[in-house]
Amino acid sequence: MANNPSSTSIEPRSESWPDRLRRSAIVLLGGSIGLAAAVIFGGLTFGQAALVLLCIVAAALVPWKLRQDSPAAEDLIGLRPAETSVVQALVSGMPEAAVLLDRAGRVLQFNLAAAQLAPALRKNELALFALRSPEIIAALRQAIATREAQRAMYVDRVPVERWMELIVTPLALPSAFGGTESCLLMTFHDQTPLRRVEEMRADFVANASHELRTPLAALSGFIDTLQGPAKDDAKARERFLGIMHAQATRMARLIDDLLSLSRVELSAHVRPDAQVDLVPLVRQVIDGLEPLAKERHVTIEAQLPDTPVMIAGDSEELLRLFENLIENGLKYGASGGRVIVSLNEASTGEGNAETRVSVRDFGPGIATEHLPRLTERFYRVDVGDSRAQGGTGLGLSLVKHILNRHRGRLAIESVPGQGATFTAAFPQPKPLSGA
Ligand code: ADP
Numbered sequence: 097m098a099n100n101p102s103s104t105s106i107e108p109r110s111e112s113w114p115d116r117l118r119r120s121a122i123v124l125l126g127g128s129i130g131l132a133a134a135v136i137f138g139g140l141t142f143g144q145a146a147l148v149l150l151c152i153v154a155a156a157l158v159p160w161k162l163r164q165d166s167p168a169a170e171d172l173i174g175l176r177p178a179e180t181s182v183v184q185a186l187v188s189g190m191p192e193a194a195v196l197l198d199r200a201g202r203v204l205q206f207n208l209a210a211a212q213l214a215p216a217l218r219k220n221e222l223a224l225f226a227l228r229s230p231e232i233i234a235a236l237r238q239a240i241a242t243r244e245a246q247r248a249m250y251v252d253r254v255p256v257e258r259w260m261e262l263i264v265t266p267l268a269l270p271s272a273f274g275g276t277e278s279c280l281l282m283t284f285h286d287q288t289p290l291r292r293v294e295e296m297r298a299d300f301v302a303n304a305s306h307e308l309r310t311p312l313a314a315l316s317g318f319i320d321t322l323q324g325p326a327k328d329d330a331k332a333r334e335r336f337l338g339i340m341h342a343q344a345t346r347m348a349r350l351i352d353d354l355l356s357l358s359r360v361e362l363s364a365h366v367r368p369d370a371q372v373d374l375v376p377l378v379r380q381v382i383d384g385l386e387p388l389a390k391e392r393h394v395t396i397e398a399q400l401p402d403t404p405v406m407i408a409g410d411s412e413e414l415l416r417l418f419e420n421l422i423e424n425g426l427k428y429g430a431s432g433g434r435v436i437v438s439l440n441e442a443s444t445g446e447g448n449a450e451t452r453v454s455v456r457d458f459g460p461g462i463a464t465e466h467l468p469r470l471t472e473r474f475y476r477v478d479v480g481d482s483r484a485q486g487g488t489g490l491g492l493s494l495v496k497h498i499l500n501r502h503r504g505r506l507a508i509e510s511v512p513g514q515g516a517t518f519t520a521a522f523p524q525p526k527p528l529s530g531a
């Protein structure tokens, strides 16, 4: 931007209207008195007096002529200095891009954010010349024509794609003529974060509906079969009922996971403060998963300390967290035959102490490209495999949210073919200085 936008202003550059009127009146009055005296005492002829009067009128018009030639004519509205500085401060201080225009759409004032958004903006030039988007131009034209507030959405593609909302608001600013002068205030609002959240919400609803519809379709298919062709087939009925049970369990689990996720999200800003001993808690989860481990022919090795390891946490959520990690190890890493669950205290790169619970399996592992996306809702490396295991695609997302609430972090390491290690790390309270 060539001119400095923060210093852009609408200072009146010429005499104000009342000042000029006063000056002209003084010239006319003084001239007329002098002329009258000259006629009475000096014996001016009528023709000479008319000529002198013409000169006096011309002299009285000089300030008005000066105003026309002055560049201040471009300012169009003669704001009083006090109001000018208030308007200037307001526009400059607006947190989002703002441009003040006169009634014809000429730029009077704009702030730094607006200069970044539309680098071609120039004071005293029509804003339409500086704005590229057809939506902005249409809204501005409409506002100029109707004097009514206008709103427009458009996509700004340079330097990065942003969803922007423009609001054009008609304003009545006090003018030097004692009345008001209509102006237009354009404000630009970045709607990209909102839009992203909206897209995520729509994706989430679509995914959740799809996940629920799949088992539901299977259930109603089997019901139809049992009512029709397999009505009297006891063997088929037995088999179908087994599948229906599994599908119903999957639906229940999905609803359960969705509810847990929204509960954790709702309380995300409140850090749990109850003191929880992680050792018995992790052991409780391992004990609960022993039947699954047996079924999958996997041994769980627990490497837990004998002494309590306390953290500030929510025990229900922590149970859910470890259950998800260990269950994943048993389901997806079953081929490795063992899962190691360890608890230890370590120090981060920045020297902060943390408590770590690691779940290591020796299964197929996960390819590197999937690692950053594993905690996204409904993300699976292999959808078929996950469904076959009764998975919902929400487990690791829930783990991440629970850890966020505990101000902890999740680390995932994997070498394909050699298994995977999921580590939940919880920060330890910093010792009081001097203690
Ligand atoms: P799901 O309900 O499908 O298990 P998760 O969010 O718990 O959902 O896991 C997401 C995906 O991450 C799983 O579908 C699976 O592909 C992959 N995954 C999770 N844990 C492991 C593991 N220990 N080994 C290999 N892949 C895993």
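Heads up, the sequence shown stops at 531 in the numbering used here, and the numbers go up one at a time, no gaps. Beta carbons are placed, not taken as given, at the ideal position from N, Cα and C, and that holds for glycine.
Check: E361, buried or exposed, once every other Cβ within 10 Å from all chains shown has been counted against 16; Outcome: exposed
Check: Cβ neighbour criterion (16 or more within 10 Å) applied to L150; Outcome: exposed
Check: Option nearest R199 by Cα separation, candidates A241, R346, E192; Outcome: A241
Check: Sequence-distant residues of the same chain with beta carbon closer than 6 Å to Q371, five excluded per side; Outcome: M406
Check: Check: V453 C-beta below 7 Å from any heavy atom of the ligand ADP; Outcome: no
Check: M97 versus A209: straight-line alpha-carbon distance, rounded; Outcome: Note that M97 scores a pLDDT of 37, beneath 50, so its modelled location is shaky and nothing firm can be said.
Check: R434 to A463 span [Cα, whole Å]; Outcome: 20 Å
Check: Cβ neighbours of M296 in the same chain (closer than 7 Å, five flanking residues each side left out); Outcome: none
Check: According to DSSP, residues forming a beta bridge with E533; Outcome: Because the chain spans 97 through 531 in this model, residue 533 falls outside it and cannot be assessed.
Check: Between the CA atoms of L308 and V301 - distance to the nearest angstrom; Outcome: 11 Å
Check: H502 burial status per 10 Å Cβ neighbour count (16 or more: buried); Outcome: buried
Check: Where the alpha helix (DSSP H) containing D299 begins and where it ends; Outcome: 288 to 323
Check: Identity of the residue in A389, V453, A348, G447 nearest G432 by Cα; Outcome: A389
Check: Inter-stretch contact (C-beta, 8 Å, three-pair minimum) for the stretch 374 to 381 and the stretch 326 to 340; Outcome: no
Check: Y475 (DSSP reduced to helix, strand or coil); Outcome: coil
Check: Test: R247 CB closer than 8 Å to a CB of chain B; Outcome: Of the protein chains in this structure there is only one, and it is not chain B.
Check: The ligand ADP heavy atom lying under 7 Å from the CB of G445; Outcome: no
Check: Close beta carbons around G491, own chain, < 6 Å, minus the five adjacent residues each side; Outcome: N420
Check: Segment limits, alpha helix (DSSP H) that includes T345; Outcome: 330 to 362
Check: A248 - DSSP class collapsed to helix/strand/coil; Outcome: strand
Check: Contact test: D352 Cβ vs the ligand ADP heavy atom, cutoff 7 Å; Outcome: no
Check: P270 in three-state terms, based on DSSP; Outcome: strand
Check: Pairwise C-alpha distance: L470 and L506; Outcome: 11 Å
Check: Cβ-based burial, H393 [other Cβ within 10 Å; buried from 16]; Outcome: exposed
Check: Heavy atom of the ligand ADP within 7 Å of T488 beta-carbon; Outcome: yes
Check: Residues of its chain near M249, where Cβ-Cβ distance is below 6 Å and the 5 sequence neighbours each way are ignored; Outcome: E261
Check: Where T283 sits in the DSSP three-state scheme; Outcome: strand
Check: C-beta atoms of I152 and G189 nearer than 8 Å; Outcome: no
Check: When V495, I382, L224, L415 are compared against E472, the one with the closest alpha-carbon; Outcome: V495
Check: Nearest to P468 (by Cα), restricted to the options E441, A449, E509; Outcome: E509
Check: For S454 and Q524, the rounded distance between their alpha carbons; Outcome: 16 Å
Check: Whole-angstrom distance between S358 and G486, CA atom to CA atom; Outcome: 21 Å
Check: Contacts around H466, its chain only, beta-carbon distance under 7 Å, and the 5 residues preceding and following it disregarded; Outcome: V477
Check: Three-way DSSP call (helix, strand, coil) for Q371 in this model; Outcome: strand
Check: Range covered by the alpha helix (DSSP H) that runs through T395; Outcome: Careful: T395 lies outside any alpha helix (DSSP H), inside the beta strand (DSSP E) at 395 to 399.
Check: R228 versus A216, V256, A239, residue with shortest Cα-Cα distance; Outcome: A216
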